[in-house]
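Protein chains in written order, with the UniProt record's numbering: chain X, 1 to 338; chain E, 1 to 454.
Think of the CB as a built atom: it goes at the ideal place given N, C-alpha and C, for glycine as much as any other residue.
In this text the structure is predicted, and so the values were computed from the model without any measurement.
Please read the structure below before turning to the comments.
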Ligand code: HDD
Ligand code: HEM
Ligand code: HEM
């Protein structure tokens with residue numbers, strides 16, 4: 001495996017992890033807004049309880065993603081920075097307001113209401129802005145003359161909105177599926193049924209919007225569509241994983257209707273397969289047509305030192321993540337708190 | 001403003017904002033740790049209450065430290081993409097490793113704040129320790145990147161200007177890294193301590209009626225003055241070292257800091273004054289003969305380079321002389337102040353501290369935060385016109401994207417909003433948990449052990 005492929009695989013891994021964690025985190029903000037405002041609603045309380053300790057860690061994944069991209073593909077930064085100044089800066093502002101309120105509301109309950117509205121709306125806006133990166137790097141929206149973003153074209157293009165719809169649908173779907181599982185873990189059947197219901201209508205919708213997105217790719221991204229159809233086997237496998245997980249909502253188990261843990265796990269597999277296929281189809285370009293992976297990769301000595309730092313860093317952090325998981329995602333005392 | 005100036009202003013203010021919360025994020029956990037130790041030594045449980053209340057303050061500050069740090073990290077790529085190409089090729093390591101430090105801090109801060117009631121005592125202390133370790137490590141790591149910009153090392157340039165033979169570890173441990181990293185650490189510990197002193201002095205002025213409260217605050221004051229005094233002493237000694245590193249590696253920065261135009265042996269140390277560029281003279285300064293030569297190289301006959309030895313278009317801006325003077329002045333003043341306050345306390349014993357002294361002590365927090373700001377603007381602006389010393393000019397690093405002014409205005413408004421909100425939340429939070437109630441609970445033995453920090 002070449003350095004470039006290894007590096008992009010690591011980045012892909014972080015993109016994937018942030019996509020899942022971010023979906024769940026931002027989606028929980030949205031569900032928290034929808035249900036939290038009704039008094040005594042367990043679903044909203046549950047979404048917010050998950051959110052409180054996890055956003056910090058999710059945020060580090062975002063920074064990780066940016067930094068990893070810069071250190072492995074330094075020459076990609078110039079073109080990306082130029083194209084992404086607008087969405088990037090907007091994301092920063094929204095993210096800052098959201099994170100600050102998240103902490104403030106915990107310390108001063110008077111912020112509670114403002115928080116739930118802000119974290120709900122930014123929970124939709126931030127992922128929408130982030131997902132814009134995909135059509136931009138797929139080609140057609142960067143001015144070949146000066147490298148700036150063609151904002152007008154981006155926002156008047158149909159394909160942009162299909163990407164947006166896909167991003168939002170999968171965000172809400174994944175978070176509903178996660179929260180369904182989380183409520184089952186918290187033994188909160190009422191909340192479980194709420195999130196199960198949402199997962200059930202959002203799942204097929206996500207699949208549908210995904211297909212429409214590929215079909216409506218513009219002429220500039222024709223190369224990508226062609227590659228995607230060559231990789232259709234992977235996408236079929238992904239759809240199979242979805243169907244399997246989807247059916248798990250109707251399995252009869254000891255703890256009631258449906259097996260949300262199995263469903264959510266299968267959905268993750270679905271996203272692994274689909275985003276792997278999308279990533280492979282994107283090769284060899286980082287930004288079409290300006291930059292290929294091979295042109296962008298950093299020098300071998302830095303590359304090696306980075307790999308070593310990953311090995312050491314992970315060895316130190318894994319126990320921390322384990323403790324974190326035990327305390328917030330598994331511990332009944334936390335899950336069931338009133 | 002042209003786009004370059006706007007980019008510099010935008011980035012400088014983002015960093016200037018982040019650094020307040022980041023420095024406290026390094027300094028406060030250290031104070032928390034010290035007060036835990038003080039408890040172990042004195043067995044006075046009021047020290048654990050201090051630790052607990054400071055942790056709550058720190059948790060609130062983190063709500064701004066983290067997003068503002070995210071802003072800085074992303075803006076670095078958005079505004080200085082061609083500098084980041086350098087970063088990626090040579091000085092990537094600290095940026096990458098810093099993320100592990102962030103993870104450490106973020107993971108254990110969540111654990112400490114949201115799960116304190118479910119942790120064993122050992123795990124709790126360990127969590128605080130990891131929070132403090134994460135903060136200090138991230139400060140050291142980011143300083144390595146900044147030090148590398150001042151004294152780039154660890155690579156060679158090929159004939160065509162491309163980077164070859166990269167040695168990541170050598171880049172990481174570049175010549176100014178040891179002095180700078182230590183300086184950033186001790187100055188952050190000093191700032192964390194003096195911010196505590198400032199607040200304690202303020203509370204002593206306001207809450208004199210209640211004897212128990214007064215004693216609690218006096219304990220906090222004396223503890224933080226001890227730490228702050230020692231750390232400011234360390235900062236000054238270590239700053240002297242940093243100056244010598246400048247003498248060796250960035251002579252024009254030292255010359256600008258001292259307002260020195262003519263290269264000379266027996267160079268005088270200039271305090272205050274304003275540099276006149278037209279005449280090439282420093283006006284209105286107090287000069288201490290021979291002192292600069294001695295500071296730069298421990299010898300009175302050391303030759304210190306003046307600005308006239310360097311091409312005019314590579315001179316740093318002249319306000320760095322003032323910034324440097326202010327930083328040093330604040331450092332020296334705070335050493336004296338901490339020493340003096342200790343003397344008064346020792347002489348007067350149990351009698352109340354004089355009110356004028358308390359008033360003076362309330363300024364220690366703001367002053368040390370100011371010194372941090374001056375120091376950073378000094379090191380960044382004193383490097384101008386270079387982003388990477390003698391290799392890349394700031395004008396070459398900036399993005400080609402236009403329209404930065406809008407973003408500048410938006411981000412400044414965001415920072416103002418956050419600053420106001422932070423103060424407001426702090427006050428609201430501590431008003432809901434008055435100290436006298438917590439103290440009473442502590443002494444009646446009903447101190448809610450293991451209460452989560454909510
Ligand atoms: C509480 C804050 C504080 C205080 C009281 C001082 N410093 Fe400082 N100084 C810093 C906080 C700081 C800083 C913000 O942390 C800097 C910016 C970059 C760095 O490495 O540390 C800095 C930079 C810095 C540099 C520039 C390093 C470079 O550009 O490479 C020098 C030469 C000094 N300091 C010297 C001193 C001296 C002689 C002091 C005498 C008391 C002093 N500092 C007090
Ligand atoms: C000397 C200057 C700096 C110091 C002492 C410092 C220290 C800190 C500290 C203590 C935090 C809180 C960390 C946490 O809890 O996760 C933080 C956050 C952060 N800082 Fe800084 N920082 C400095 C400058 C910078 C610079 C120049 C950058 C960008 C290149 C940066 C990037 C960040 C990021 C991305 C975060 C958020 C991490 C997260 O998402 O948790 N910092 N910094
Ligand atoms: C944390 C406190 C810091 C503050 C308050 C600060 C302040 C500033 C200011 C005011 C400028 C504009 C300089 C000018 O145009 O005259 C600047 C530039 C810059 N700083 Fe810093 N800085 C800080 C730390 C850092 C660190 C830790 C790094 C790198 C890791 C860094 C990297 C840069 C870069 C890349 C620029 C733009 C290029 C340049 O002007 O040299 N800064 N900073």
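Beta-bridge annotation (DSSP): residue 287 (chain X) is paired with X:291.
For chain E, none of the residues of the stretch 258–280 of chain X brings a beta carbon within less than 7 Å of one of its beta carbons. Using beta-carbon distances, residue 185 (chain X) does not count as an interface residue toward chain E, since no partner is under 7 Å. About 12 Å separates the beta carbons of residue 321 (chain X) and residue 54 (chain X), which is beyond the 8 Å limit, so they are not a contact pair.
In this structure, the straight-line span from the alpha carbon of residue 65 (chain E) to that of residue 237 (chain E) is close to 29 Å. Proximity to residue 13 (chain E) across E:427, E:291, E:415 peaks at E:415, based on C-alpha coordinates. Residue 91 (chain E) sits in coil when the DSSP states are folded into three classes, being neither helix nor strand. A direct Cα-Cα distance of roughly 14 Å separates residue 302 (chain X) from residue 153 (chain E). For a cut-off of 8 Å, the C-beta gap from residue 264 (chain E) to residue 328 (chain E) is around 21 Å, too long to register as a contact. Rounded to the nearest angstrom, the gap between the Cα atoms of residue 398 (chain E) and residue 389 (chain E) is 15 Å. DSSP lists X:252 as the bridge partner or partners of residue 257 (chain X).
About 7 Å separates the beta carbons of residue 29 (chain E) and residue 128 (chain E), which is inside the 8 Å limit, making them a contact pair. A Cβ of chain X is located within less than 7 Å of the beta carbon of residue 407 (chain E). In the displayed model, residue 286 (chain E) falls within a strand according to three-state DSSP. CA-CA distance, residue 116 (chain X) to residue 62 (chain X), rounds to 22 Å. Under the 7 Å criterion on CB atoms, residue 160 (chain E) is classed as non-interfacial with respect to chain X. For residue 406 (chain E), no beta strand (DSSP E) encloses it; the enclosing alpha helix (DSSP H) starts and ends at 404–432. Taking a C-beta cut-off of 8 Å against chain X, the contacting residues of the stretch 78–95 of chain E are 78, 79, 81, 82, 84, 85, 86, 87, 88, 89, 90, 92, 93, 95, listed in chain order. Taking a beta-carbon distance threshold of 7 Å, residue 64 (chain X) counts as an interface residue toward chain E.
Every unbroken stretch of the alpha helix (DSSP H) spanning 4 or more residues and falling wholly within the stretch 59–135 of chain X is given here in chain order: 76–107, 112–131. In the structure shown, residue 124 (chain E) falls within a helical segment according to DSSP collapsed to helix, strand and coil. Taking CB atoms only, residue 32 (chain X) has no neighbour in chain E less than 7 Å away. Taking C-alpha positions only, residue 186 (chain X) is separated from residue 242 (chain E) by approximately 55 Å. Of all C-beta pairs linking the stretch 321–336 of chain E to the stretch 259–276 of chain E, three or more are shorter than 8 Å, placing the two stretches in contact.
Closer than 7 Å to the CB of residue 299 (chain X) there is at least one CB belonging to chain E.
In the three-state DSSP reduction, residue 147 (chain E) falls in the helix class (H, G or I). Distance check between residue 169 (chain X) and each of X:204, X:184, X:43 places X:204 closest, using alpha-carbon atoms only.
Taking a C-beta distance under 7 Å as the contact criterion, residue 34 (chain E) and residue 135 (chain E) do not qualify as a contact pair.
Distance from the C-beta of residue 372 (chain E) to the nearest heavy atom of ligand 1 is below 6 Å.
Remark: the C-beta of residue 364 (chain E) is outside contact range of ligand 1, defined as less than 6 Å to any heavy atom. The beta-carbon of residue 400 (chain E) is placed less than 7 Å from the nearest beta-carbon of chain X.
Within the chosen limit of 6 Å, ligand 1 reaches the beta carbon of residue 246 (chain E) through at least one heavy atom.
Closest option to residue 179 (chain X), judged by alpha-carbon separation, among X:222, X:294, X:265, X:214: X:265. In the three-state reduction of the DSSP assignment, residue 393 (chain E) falls in the strand class. The three-state secondary structure of residue 48 (chain E), taken from DSSP, is helix. Here residue 184 (chain E) has 139, 143 as same chain residues with Cβ atoms under 6 Å from its own Cβ, once five neighbours each way along the sequence are excluded.
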